[in-house]
Structures are given as structure tokens and as C-alpha cells.
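Listed in order, the protein sequences are those of chains A and B.
All residue numbers for the first sequence refer to this note's numbering, where the first residue is 1 and numbers rise by one.
All residue numbers for the second sequence refer to this note's numbering, where the first residue is 1001 and numbers rise by one.
Written below as C-alpha cells is the structure these notes are about.
There are 2 protein chains.
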Amino acid sequence: MDLVNRKPQEVREMIRKGEIISPTAGMCAGYAQANLAVLPKEYAYDFLLFAMRNPKACPILEVSDVGARQLHTIAKNADIATDIPKYRVYENGILTGEYTDVSHLWRDDLVSFLIGCSFSFESEMIEAGIEIRHITENCNVPMYMTNIECEPAGIFNGKMVVSMRPIPYHQIVKAVTVTETLPRVHGTPIHIGDPAVIGIKDIAKPDFGDPVTIKEGEVPVFWPCGVTPQSVVMNVKPSFCITHSPGHMLITDIKNVELID
Amino acid sequence: MDLVNRKPQEVREMIRKGEIISPTAGMCAGYAQANLAVLPKEYAYDFLLFAMRNPKACPILEVSDVGARQLHTIAKNADIATDIPKYRVYENGILTGEYTDVSHLWRDDLVSFLIGCSFSFESEMIEAGIEIRHITENCNVPMYMTNIECEPAGIFNGKMVVSMRPIPYHQIVKAVTVTETLPRVHGTPIHIGDPAVIGIKDIAKPDFGDPVTIKEGEVPVFWPCGVTPQSVVMNVKPSFCITHSPGHMLITDIKNVELID
């Protein structure tokens, strides 16, 4: 089934019906995909402030109204509780279930945060002629915990998680300028070069995702990662939390190029 | 007294001592100045969400911790309750007083929002060789109510207020590209040309500020204005609210050029 060239609304409907329960990478080419974090209203102010204080790691694409399963902007006909292929539910910081539909768990006090995803800038980098190694090697992007403290907000604090892509010396400036145009999906790199500077001990052993080959003449380049907000939320062990399952994103109606400010 | 070349911290100390109670335009050249809106915590989530949904009209530079009179980032030694030359206090939407110090009115449930100000991009435009007419004519920038609905959030909704600067045809692109680099102080124009398109009936009669001359060969160019959040807050008539008095801003330690993302 070719989902690369389908419209987001069609694919979301297939997901809603349970016809798709796989990761969304590569579906609906050119359209932005979003990370999901759903929290009870009591946590919403602190989380929103955390996002605002850490926009590179936690770029908010949209926040739902309290209790609403609908969105106004990035995917008008989407149902947040059904249109993601796989959800994770956490209670007091413990994973209590994985679901393809969370309608039965929905509550009037829930607020949904849709957060930009590096899938968007990767497709722009490929367009610009930059090879994305984990795509070439058909694995998940390598992600690392760093020693970079996020700016805390209320109950939320923690270290930044970064994703890494090896870039040849002659394309480093291009990697910066291409991602600079997309601040709503993490934007520019947070670090270029020696992993030890940001507290990464072994580049071959990512904390999340898979290791990738770094060739002679390539430099590891690090971007703030959308796993950061999930990691920070888990530190706090909220009473209740729903997230997407890794790789199973919300496919939005917004084209990546529309995210250029 | 030459305040143009003084450091922000020195000028804030003079303001704190009551030695300066005048508008801050032109003080501490090159440093960003900020609009202030202080609201009780009960309004803070909705206001923060409003700002996030309307970043061009309401670009947040910093949000204080609840009850704190200190800031972490844009002015580390500032005291929010004393370091602005003139404050306005509103109760249930009614102006109940103007003060040079609001320490005696401070409460443990107050949250301060510091919002970017177009003073920053004006100085960059001047550097780029663009004349700013209201500075040449030594008056306040003309501001207008528009028919552009802000994206509502919780209890907050209303129309966008814009500021206008006449720009010669050959400098319109430059005015866009210079302000594009400064999204944290309103960024790019919201409209270029015919005022009627955004619901402005008479360009000679601004709703706030002063009219300025538009010469032959110049086009009115409109930017989202920091008066928008104040206007929206006043619609809601919150039980309590402190703002800066127009033109009497917080002078931050952040240089305008540091606001380039």
C-alpha cells in the first residue's frame, strides 16, 4: 500500500479505522508529523511554560483546548484520541498500556500538546542534497542524553535529549542554514563536533534509537530532540499522561514548507 | 543626562531609586526593551496559551515564576515591581492608578509576562538605512485596530492591533528581511499596502499613538503590535492587572542582535 503520496486526512481515517497501526515515517511525503503529549490541566501551565522556555527542544505546533479531542490549526478534522497509530499511557510515571485508540481513557481535563518533529527538517535536508545517515542505513535516528540543562519551569526540569546526524565538513553550513528556516521543528543544531563537550561519553552507544556510521571526513551534528519533553514529563511522574508510541506520530495537514516562518 | 550609552543595569537602578520616571525610548541604545503584563495565576495559563497561539502580536521574551519579582534571563538583577518608570494598575478592567513603584501591590499569585517591543526592530531598520517616520517626526508610532481576529485561547480573544511605518517602494523587501531576523520582537509585517484590506478606515486617524506623514512613493507597512495583548486583556476585565505605562518599558540586558534566532 503506497502511503507516501496519500493525503494526510485519508491516512488519518485509515489509522482511525485501525487499518494502519505501524510507524508513520515516510507517510504523506512533505507533510509535517507531530509528537503528542497529553496531560491533565493541573500540569498544563507548567508544561506550556517549559515548552516556551525551551523552544528548540520543545517546539509547540498546537495546544488543544481543555478536554477537546479536536485541533484548530494543524489538522482540522483529526481526532487526537484515535488518529495516531499507537499510544502509550503512563500513570504515576509507569507505562500501563499501549493502545491504538484512547477514546475510552479520554477525560474532560486533558490538554494535548502537539510538538514539532525532526522528520520535517530531514526531508528538507534531503531536498538540499544532504544524506541522512539513519535513513540510508534504515534504522532509527541515534539520540543521546546530554549535560545541557533545560530551563526549568514549575515542576518540570531535566537535561536536553539530542538527535545526531553525521555531516561532511563541506555541508555543515548548509545543514545549519536549511534547518534555520524551520524553527518550529527544532531549528538549528545545538552543537557541532566533539560529543564530549555536551556530555556524551560514547557516540557509538546512543541512549535512544540506533547507532549510525560516522565516516572519515564527517562531523557529528546534534539537534535538540522532541524526546526531551517526554523525558522531562517522565521525571515528574504525572498522575496520568498519554503520548504517541515512538515513531507513531500524528500526520498533520501542514506542509513542511509552510512551517517556514 | 545622557542615557543613550548607559548600561541597562545602571539605568534600571536609577529608575528603581525614582530618579527616572520618563518614557524609556532611546535609553541604552542597542538593548531590547520589553512590554509588561502582570496577571494573577488564575489567568496565566490562558494568557500564555494566547501568546503561544499569537506569537507575532505577543512574542514572549520571558515569563516570571509565580510570585517572583525576579527574572532569570532577560534582566537578571531587575526587580519587576520597581524597575519600570511608570506602571498602570487595572482592577476589573478599570484603571485605578499610575505608580512609579508597585511593591506595595505585589502578591504571591502574580505572574509577569515580558513581551517583545518594536523599539528593537526599529533600531535594526535604521541601521539598515530605513527611515522610521515617527522617529523623524518625533512622535509616537501610529497604531490601529484591525479586522484580524487573534487566535482565541481560553477566556482571551480579540482583534489584532498593528503599528504602521511608511516605507518607500524600493525598501519594502529590505523592511521584510530585516524584521524577519527578529521574530521575538514581532518579526515580519502582517500586511503591506491598502489599509482597508485589514479593516483600517482612515490611515490619518490611528486608534493609538500619533498620525505620521506618508509621502508620495511610500506604502504603509503594518506590523503586529505589542498593544494587542494589553487590548485583549482589557476585554476580559481581569480582577487585577499591572502593565507598564505606554512608552515606559523594562530595559533588558539583552542586545537586539542577540534576539536573532
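In this text, a Cβ means the ideal position worked out from N, Cα and C, and glycines have one as well.
If you draw a straight line from the Cα of I1198 (chain B) to the Cα of Y1031 (chain B), it comes to about 32 Å. When Cβ-Cβ separations below 9 Å define contact, G154 (chain A) makes contact with chain B. Residues of chain B with a Cβ closer than 7 Å to the Cβ of L114 (chain A) do not exist; the shortest Cβ-Cβ separation is about 12 Å. V1063 (chain B) belongs to the set of residues whose beta carbon lies under 9 Å from a beta carbon in chain A.
If only complete runs of 3 or more residues are kept, the stretch 1087-1136 of chain B shows the beta strand (DSSP E) at 1087-1091, 1094-1099 and 1110-1116, in order along the chain. Beta-carbon to beta-carbon, M160 (chain A) and P142 (chain A) are separated by about 15 Å, too far to satisfy the 8 Å threshold.
Under the Cβ criterion of 9 Å, P1183 (chain B) is counted among the residues facing chain A.
At least one CB atom of chain A sits nearer than 9 Å to the CB of I1060 (chain B). At a Cβ-Cβ threshold of 9 Å, Q1230 (chain B) and A1044 (chain B) do not count as neighbours. Contact between the stretch 1241-1255 of chain B and the stretch 1076-1086 of chain B is present: three or more C-beta pairs spanning the two stretches fall below 8 Å. For T146 (chain A) and N157 (chain A), the gap between their C-alpha atoms comes out near 13 Å. Contact annotation: in the stretch 42-59 of chain A, residues whose CB is within less than 7 Å of a CB in chain B are A44, Y45, L48, L49 and M52. Around the beta carbon of C1225 (chain B), 16 or more other beta carbons sit within 10 angstroms, so the residue counts as buried.
No residue range can be given for F156 (chain A), since it is assigned to no beta strand (DSSP E) and is classified by DSSP as neither H nor E.
Exposure of L95 (chain A) is indicated by the presence of fewer than 16 other C-beta atoms within 10 angstroms of its C-beta.
In this structure, DSSP gives T188 (chain A) a state outside helix and strand, which the three-state scheme calls coil.
Using a CB distance cut-off of 9 Å, E1258 (chain B) does not count as an interface residue toward chain A. The C-beta distance from I172 (chain A) to I192 (chain A) rounds to 6 Å, short enough to fall under 8 Å. Contact check between the stretch 1196-1211 of chain B and the stretch 1176-1184 of chain B: fewer than three CB pairs, one atom from each, fall below 8 Å, which does not count as touching. Counting C-beta atoms within 10 angstroms of its own C-beta, Q33 (chain A) has 16 or more neighbours from the protein chains shown and is therefore classed as buried.
Interface criterion met: the Cβ of V66 (chain A) is under 9 Å from a Cβ in chain B.
Under the Cβ distance rule, E1151 (chain B) counts among the residues neighbouring chain A, one pair being separated by less than 9 Å.
Checking the DSSP bridge columns, you'll see Q1033 (chain B) partnered with B:I1251.
Beta-bridge pairing by DSSP links C241 (chain A) to A:Y90.
Under the DSSP assignment, P224 (chain A) falls in the beta strand (DSSP E) whose first and last residues are E218 to P224.
If you look at M1145 (chain B), you'll find it in the beta strand (DSSP E) that goes M1143 to E1149. Closer than 9 Å to the CB of H72 (chain A) there is at least one CB belonging to chain B.
With a beta-carbon spacing of about 6 Å, G1067 (chain B) and L1110 (chain B) fall inside the 8 Å limit used to define contacts.
Relative to the Cα of A1196 (chain B), the nearest Cα in the group B:V1212, B:Y1144, B:E1151 and B:I1242 belongs to B:Y1144. M1027 (chain B) carries a coil assignment under DSSP once its states are collapsed to helix, strand and coil.
Contact check between the stretch 1081-1093 of chain B and the stretch 1053-1064 of chain B: fewer than three CB pairs, one atom from each, fall below 8 Å, which does not count as touching. In this model, S245 (chain A) and A1175 (chain B) are separated by some 44 Å (Cα to Cα). Per DSSP, I1172 (chain B) is not a residue of any beta strand (DSSP E); the alpha helix (DSSP H) it occupies stretches across I1172 to E1180.
Between V1102 (chain B) and M52 (chain A), the alpha-carbon positions lie close to 27 Å from each other. Here the alpha carbon of E1137 (chain B) sits roughly 7 Å from the alpha carbon of V1212 (chain B).
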